[in-house]
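As structure tokens, the structure follows; a few thoughts come after it.
What follows is the structure, given as structure tokens:
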């Protein structure tokens with residue numbers, strides 16, 4: 035076997051300008067998710083009734099949010 039040099043693969047760089055909209059979208063989606071799991075009941079309720087509360091009820095307890 036001869037001593038041939040092997041080039042290391044180069045990693046593509048992602049400019050922050052292309053990454054920023056996706057990071058902002060993920061942050062907004064995360065905040066909406068935390069709102070519906072943690073605060074969607076009572077005085078801050080956006081949806082009338084208890085359908086959302088019952089849908090995320092077990093998730094609330096799993097994440098440590100009190101609800102009753």
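Numbering (the working numbering), first residue to last: 35 to 102.
In this text, a Cβ means the ideal position worked out from N, Cα and C, and glycines have one as well.
*Which class does residue 96 belong to by DSSP, given the choice of helix, strand or coil?*
In this structure, residue 96 counts as helix in the three-state DSSP scheme.
_Spatial distance of residue 94 from residue 77 (CA atoms)_ = Roughly 17 angstroms between the two C-alpha positions.
*residue 90, buried or exposed, once every other Cβ within 10 Å from all chains shown has been counted against 16*: Under this definition residue 90 is a buried residue.
_Taking 6 angstroms as the limit between beta carbons, can you name the residues of its chain near residue 53, skipping five residues before and five after?_
Same-chain partners within the cutoff: there are none.
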